[in-house]
Amino acid sequence: MRVAAPFLKVCRRSDPKLDECVMAAVEELRPHLVKGIPEFGIPSCEPLEIKEMVLDQGQGVARLTSTYTDIKVHGPTNFRLETVRIDLDRRRVFLKLWLPYLRMTSHYKMDGRLLVLPITGSGYYEGNYTDIQAVCTLHGEHVSIRGQTHFSVKNFDVKFSIGGAKVFLGDLFNGDRELGEAMNLFLNENWKNVATELQPLLEAKIGDVFRQFSNSIYHKFPLDQILPP
Numbered sequence: 245m246r247v248a249a250p251f252l253k254v255c256r257r258s259d260p261k262l263d264e265c266v267m268a269a270v271e272e273l274r275p276h277l278v279k280g281i282p283e284f285g286i287p288s289c290e291p292l293e294i295k296e297m298v299l300d301q302g303q304g305v306a307r308l309t310s311t312y313t314d315i316k317v318h319g320p321t322n323f324r325l326e327t328v329r330i331d332l333d334r335r336r337v338f339l340k341l342w343l344p345y346l347r348m349t350s351h352y353k354m355d356g357r358l359l360v361l362p363i364t365g366s367g368y369y370e371g372n373y374t375d376i377q378a379v380c381t382l383h384g385e386h387v388s389i390r391g392q393t394h395f396s397v398k399n400f401d402v403k404f405s406i407g408g409a410k411v412f413l414g415d416l417f418n419g420d421r422e423l424g425e426a427m428n429l430f431l432n433e434n435w436k437n438v439a440t441e442l443q444p445l446l447e448a449k450i451g452d453v454f455r456q457f458s459n460s461i462y463h464k465f466p467l468d469q470i471l472p473p
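Position one of the sequence shown corresponds to residue 245 (the working numbering), numbered consecutively onward.
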């Protein structure tokens, strides 16, 4: 199987302006992410679908276990790639990007304490996030697959900040309407504090999702096809 598509800009490792080439290639590829790219094994990214994410926060003022299933993320292809730095010797890729918004929906189940208040529920979740800055660092290695050299992501470190957020959790406290409305109001008034508590765990979970996603592509195509000499 070869990397081949009429819209794909090929960059070479020997290019002295490799960073700029990769930025241009990503920009040309971005519109095609909406419907997905079967040739690369990339599914539709609008919405981006994630089967499950489990968060187990056992420290700080947020002691919470929550599970999100059938996650749909709307808006990920609207990113603006601001910086790309590729270090071939260290097998490291640095990315900085900005997203105007993300809308996430899922089914949730949670139990614990959040900012010292008890919270429990199971139902519909929706989160709307704006002005998202993200910095990603991929730490990779070369591995042999079927006798050919492939790039493999060992760690996908993600750090992000959010400019604004509004969330809704349905059926909190066994459907108690008054308690549910009060908790949703509290969460939206204190979203920055909530984000601070949960952010390290979220960053780790998101990084692992994208590590697996990246490797599903990198392990399919040899390095010399993805990034020729």
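Note that CB positions come from ideal geometry on N, CA and C, so glycine has one too. Since the model is a prediction, treat every value here as computed from it, not as a measurement.
Practice task
Pick helix, strand or coil for Glu290, following the three-state DSSP scheme.
Solution key: Counted from its first residue, the sequence shown places residue 290 at position 46. Note: Glu290 maps to coil in three-state DSSP.
Handout entry: Residue burial classification, Gln456 (beta-carbon count within 10 angstroms, cutoff 16)
Key = Here residue 456 is taken as the residue at index 212 of the sequence shown, counted from 1. Result: exposed.
Exercise for the section: Go ahead and pull the three-state DSSP assignment for Pro444. Expected result: Counting from 1 along the sequence shown, the entry for residue 444 is found at position 200. Three-state DSSP puts Pro444 in a helix.
Practice task
Return helix, strand or coil for Arg421, following the three-state DSSP convention.
Solution key: The count along the sequence shown starts at 1 and reaches residue 421 at position 177. Three-state result, Arg421: helix.
Exercise for the section: Could you work out which residue in Asp420, Leu467, Gly424, Gly407 is closest to Ala439 when comparing CA atoms only? Expected result: For the purposes of this step, residue 439 is taken as residue 195 along the sequence shown, with counting starting at 1. The candidate whose alpha carbon is nearest that of Ala439 is Gly407.
Exercise for the section: Look up Leu308 in the DSSP assignment and say whether it is helix, strand or coil. Expected result: Within the sequence shown, the letter at position 64 stands for residue 308. Note: Leu308 maps to strand in three-state DSSP.
Problem - Buried versus exposed call for Leu361 [16 or more other C-beta atoms within 10 Å across all chains shown] - result: Residue numbering aside, residue 361 sits at position 117 when the sequence shown is read from its first letter. Under this definition Leu361 is an exposed residue.
Exercise for the section: Assuming Asp401 contacts Gly451 (C-beta within less than 8 angstroms), just tell me the rounded distance between them. Expected result: Along the sequence shown, read from residue 1 onward, the residue named residue 401 stands at position 157. Along the sequence shown, read from residue 1 onward, the residue named residue 451 stands at position 207. Correct: roughly 6 angstroms between the Cβ atoms.
Exercise for the section: Return yes when the Cβ of Pro466 is within less than 8 angstroms of the Cβ of Gln189, no when it is not. Expected result: Nothing can be reported for residue 189, as the shown portion of the chain is limited to 245 through 473.
Problem - For Arg256 and Pro472, believed in contact at Cβ under 8 angstroms, the rounded distance - result: As a working mapping, residue 472 is identified with position 228 in the sequence shown. As a working mapping, residue 256 is identified with position 12 in the sequence shown. Pro472 to Arg256, Cβ: 5 angstroms. Contact.
Practice task
May I have the straight-line CA-CA distance separating Ile286 from Gly280, to the nearest angstrom?
Solution key: As a first step, residue 286 must be located in the sequence shown, where it is residue number 42. As a first step, residue 280 must be located in the sequence shown, where it is residue number 36. In a straight line, the C-alpha of Ile286 is about 5 angstroms away from that of Gly280.
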